[in-house]
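Under the working numbering, think of the first position of the sequence shown as 12, with each following residue one higher.
Every residue, glycine too, gets a C-beta built ideally from N, C-alpha and C.
None of these values were measured; they are calculated from a predicted model.
Below you'll find the structure, written out as structure tokens, and then a few comments.
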Amino acid sequence: MKAGCRGELVVGRRGLSTALIFQSQVSMIHASGGRHVLPDRSPINERARSLPVAIAIRPPLTSAGPIHLNREPCKNPNPPMAGGSGLADDGFPAARLFSQGVSYTYDDVIVLPGYIHFPADAVDLSTRLSRRVPLAAPCVASPMDTVSEAPMAAAMASVGGAAVVHSNADPATQASILRAAKARRVPFVSGTPFLAPSSVPSAADFAGCTYALVTERGDALSRLLGVAAAADRKPGVPVSEYMTPAPRTASAAFDFEQAAAFLADEGLDFAPLVSDEGAGEVVDLITAQDVERIRSYPKLGKPSLGADGRFVVAAAIGTREEDKRRLELLVKEGANAIVIDSSQGNSVYQLDMIKYAKRMYPEVDLIGGNVVTIAQAQNLIGAGADGLRVGMGSGSICTTQEVCAVGRGQATAVYKVTSYAKDHDVPVIADGGISNSGHIVKALTLGASTVMMGSFLAGSLEAPGVYEYKDGRRVKKYRGMGSLEAMTKGSDARYLGDTLKLKVAQGVVGAVADKGSVLRFIPYTMQAVKQGFQDLGASSLRSAHDLLQSESLRLEVRTGAAQVEGGIHGLVSYEMKAF
Numbered sequence: 012m013k014a015g016c017r018g019e020l021v022v023g024r025r026g027l028s029t030a031l032i033f034q035s036q037v038s039m040i041h042a043s044g045g046r047h048v049l050p051d052r053s054p055i056n057e058r059a060r061s062l063p064v065a066i067a068i069r070p071p072l073t074s075a076g077p078i079h080l081n082r083e084p085c086k087n088p089n090p091p092m093a094g095g096s097g098l099a100d101d102g103f104p105a106a107r108l109f110s111q112g113v114s115y116t117y118d119d120v121i122v123l124p125g126y127i128h129f130p131a132d133a134v135d136l137s138t139r140l141s142r143r144v145p146l147a148a149p150c151v152a153s154p155m156d157t158v159s160e161a162p163m164a165a166a167m168a169s170v171g172g173a174a175v176v177h178s179n180a181d182p183a184t185q186a187s188i189l190r191a192a193k194a195r196r197v198p199f200v201s202g203t204p205f206l207a208p209s210s211v212p213s214a215a216d217f218a219g220c221t222y223a224l225v226t227e228r229g230d231a232l233s234r235l236l237g238v239a240a241a242a243d244r245k246p247g248v249p250v251s252e253y254m255t256p257a258p259r260t261a262s263a264a265f266d267f268e269q270a271a272a273f274l275a276d277e278g279l280d281f282a283p284l285v286s287d288e289g290a291g292e293v294v295d296l297i298t299a300q301d302v303e304r305i306r307s308y309p310k311l312g313k314p315s316l317g318a319d320g321r322f323v324v325a326a327a328i329g330t331r332e333e334d335k336r337r338l339e340l341l342v343k344e345g346a347n348a349i350v351i352d353s354s355q356g357n358s359v360y361q362l363d364m365i366k367y368a369k370r371m372y373p374e375v376d377l378i379g380g381n382v383v384t385i386a387q388a389q390n391l392i393g394a395g396a397d398g399l400r401v402g403m404g405s406g407s408i409c410t411t412q413e414v415c416a417v418g419r420g421q422a423t424a425v426y427k428v429t430s431y432a433k434d435h436d437v438p439v440i441a442d443g444g445i446s447n448s449g450h451i452v453k454a455l456t457l458g459a460s461t462v463m464m465g466s467f468l469a470g471s472l473e474a475p476g477v478y479e480y481k482d483g484r485r486v487k488k489y490r491g492m493g494s495l496e497a498m499t500k501g502s503d504a505r506y507l508g509d510t511l512k513l514k515v516a517q518g519v520v521g522a523v524a525d526k527g528s529v530l531r532f533i534p535y536t537m538q539a540v541k542q543g544f545q546d547l548g549a550s551s552l553r554s555a556h557d558l559l560q561s562e563s564l565r566l567e568v569r570t571g572a573a574q575v576e577g578g579i580h581g582l583v584s585y586e587m588k589a590f
């Protein structure tokens with residue numbers, strides 16, 4: 012048998028035989044006269060080393076049998092590459108690589124380089140969240156209660172991405188989070204406290220802020236009455252006794268540069284941001300310190316804005332009857348897309364919710380999921396889904412694959428689902444398994460339109476929660492929505508377990524290191540993604556998908572040794588600085 016042709020590698024162990032389909036192994040055995048020594052980091056080495064093993068090569072079977080790397084007869088072991096160069100074909104097209112019954116993760120595969128004919132800064136990463144919702148950057152914050160609330164939504168939209176506001180709160184609270192995010196154009200939520208005139212605040216009520224905004228109802232989005240300085244606080248005295256009239260206010264429709272220019276032109280240290288609509292409700296406060304901090308970050312770039320000129324923000328709902336009321340409130344507040352949040356989206360409950368939402372609110376895009384197979388995707392798209400979330404058990408805090416033995420390697424899942432969804436013009440969100448910019452590049456080149464990030468964003472300044480110190484490191488809590496802790500707050504409906512007496516966790520609670528502001532590290536991450544696209548020869552996301560479909564994009568599977576070699580190795584110590 013010629014090296015490179017179709018064949019079957021049979022490993023016999025105590026009367027049993029297992030067909031392995033790695034073509035490179037077949038070629039190695041042929042080249043060595045039929046003898047083959049398993050490399051130290053071979054995926055099958057750990058179990059194979061301790062047992063008697065007999066290895067032989069058989070010709071390919073003509074009847075149904077083991078899956079082979081190439082199902083067609085091998086007429087030419089070294090066919091020319093696309094373009095007729097006559098050179099040996101390097102790597103494999105994705106369709107061939109992902110047809111072997113092997114579940115691959117992002118780390119298992121590597122993209123081969125292409126031809127560079129453009130600078131990295133020319134790479135266009137604009138994309139779509141769903142059929143009718145464009146984004147300037149392919150990054151989406153996950154609908155988790157330790158990731159996505161108003162500060163994350165404002166920050167992500169400011170850097171070109173989007174956030175999905177979590178549903179682990181009552182409908183009114185979730186709607187208020189969405190409203191707060193969409194009411195501004197500055198890239199932050201200041202955390203400035205709101206007080207009623209009759210309030211008698213303690214020092215803690217100022218929450219470490221220099222000022223508090225005094226409004227009619229003592230909350231955001233009510234009429235501004237004045238400003239109280241923490242330094243002027245008098246114990247036991249109502250705030251109305253020492254508050255001062257508000258200075259000139261800035262429009263909440265101002266973007267960051269406009270708001271900064273307003274402060275400079277007026278010579279102000281701070282200015283309340285007030286809505287131009289209705290009764291002029293106060294939205295937030297911007298200070299000179301905010302301006303200085305944000306200007307220390309990379310330039311924000313193009314934000315993600317809807318047709319109304321406001322930030323793009325999505326929101327999550329469940330599949331229960333009470334979620335219909337939640338859906339109504341979120342649509343009223345201007346959600347750009349609705350994500351139906353479920354760990355296993357191929358259910359009668361989700362199909363019914365998609366059909367209901369499309370019937371009641373046809374103007375709003377519906378994103379279904381989660382799915383990992385073509386059959387699942389087919390059902391959701393057939394019901395009317397405008398986007399899909401792909402991923403099951405691949406998140407760092409998710410234990411679904413271990414607990415339920417159901418799921419799929421994320422690289423395989425993304426490719427398989429996108430290969431079907433693209434024919435129906437349905438964008439795919441690669442949800443889970445993102446630990447670095449390389450994973451983002453792989454997810455996008457395998458067909459995804461965006462990547463959804465949880466742990467990647469948790470621990471940032473904009474993530475909910477307070478910083479703590481653990482073993483000398485500054486951290487924030489991060490928990491899976493399948494953890495028992497999150498389930499007690501309502502997320503058990505996501506796992507179809509809200510009616511069960513016995514609840515089984517499909518996630519854990521942990522902590523992640525302080526990452527600083529999303530406004531700082533997401534621009535650097537997107538620059539790294541652009542450089543990855545440059546290396547593979549794709550000047551845009553559309554170009555990368557075209558290379559994938561034309562089979563010009565080539566990939567290979569990495570051995571364990573190759574993964575070690577591709578990372579940091581051989582050093583006694585090192586300092587890791589991504590930017």
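- When rounded, the separation of the alpha-carbon atoms in residue 153 and residue 577 is 29 Å.
- In this structure, DSSP gives residue 576 a helical state, which the three-state scheme calls helix.
- The alpha carbon of residue 226 has as its nearest neighbour, out of 267, 587, 210, the alpha carbon of 210.
- Beta-bridge partners of residue 283 (DSSP): 296.
- Cβ atoms of residue 555 and residue 470 stay farther apart than 8 Å, at about 29 Å.
- Judged by DSSP secondary structure, residue 374 falls outside any alpha helix (DSSP H); it is assigned neither H nor E.
- Residue burial is scored here from C-beta neighbours: residue 183 has fewer than 16 other C-beta atoms within 10 angstroms and is therefore classed as exposed.
- Excluding residues up to 5 positions away in sequence, 401, 425, 454, 459, 462 lie with their Cβ nearer than 6 Å to the Cβ of residue 441 in the same chain.
- With a 10 Å radius around the Cβ and a threshold of 16 neighbouring Cβ atoms, residue 545 comes out buried.
- Minimum Cα-Cα distance from residue 192 among the listed residues 180, 206, 179, 173 corresponds to 173.
- Exclusion of the five residues before and after residue 529 leaves 166, 471, 473 as the residues of its chain whose Cβ lies within less than 6 Å of its Cβ.
- Secondary structure of residue 263 (DSSP, three-state): coil.
- By the C-beta criterion, the segment 432-440 is judged to be in contact with the segment 133-141, since at least 3 inter-stretch pairs fall below 8 Å.
- Under the three-state reduction of DSSP output, residue 234 falls in the strand class.
- Ranked by Cα distance from residue 355, the options 314, 326, 479, 388 are led by 388.
- Every beta strand (DSSP E) of 3 residues or more that sits fully in the segment 115-188 is shown, in chain order, as 120-122, 138-141, 144-146, 150-152, 173-176.
- Assigned with DSSP and collapsed to three states, residue 570 falls in coil, not helix or strand.
- With distances taken between CA atoms, residue 195 lies nearest to 293 out of 127, 155, 293, 147.
- By the Cβ-count criterion, residue 386 is exposed, with fewer than 16 other Cβ atoms from all chains shown falling within 10 Å of its own Cβ.
- Within 10 angstroms of the beta-carbon of residue 361 lie 16 or more other beta-carbons, which makes it buried.
- The Cβ atoms of residue 534 and residue 253 lie no closer than 9 Å to each other.
- Here residue 255 is actually not in contact with residue 224; their C-beta atoms are around 12 Å apart, not less than 8 Å.
- Within the DSSP bridge table, the entry for residue 464 names 152 as partners.
- Excluding the 5 residues flanking it on each side, residue 243 has same chain C-beta neighbours closer than 7 Å at 253, in chain order.
- Under DSSP, residue 471 shares a beta bridge with 527.
- Boundaries of the beta strand (DSSP E) around residue 440: 439-442.
- DSSP places residue 380 in the strand class (E or B) of the three-state scheme.
- Looking at the DSSP output, residue 485 sits in a beta bridge with 480.
- The beta carbon of residue 323 lies closer than 6 Å to those of 168, 173, 315, 317, 347 in the same chain, with the five residues before and after it left out.
- If the five residues before and after residue 133 are omitted, its C-beta is found closer than 8 Å to the C-beta atoms of 550, all from its own chain and listed in chain order.
- Per DSSP, reduced to three states, the secondary structure at residue 354 is coil, with no helix or strand assignment.
- Residue burial is scored here from C-beta neighbours: residue 403 has at least 16 other C-beta atoms within 10 angstroms and is therefore classed as buried.
- Counting along the chain, the unbroken beta strand (DSSP E) around residue 222 starts and ends at 222-226.
- Here DSSP, grouped into helix, strand and coil, assigns residue 449 to helix.
- Between residue 250 and residue 239, the beta carbon gap of about 5 Å places them in contact (Cβ cut-off 8 Å).
- Between residue 295 and residue 263, the C-beta spacing is below 9 Å.
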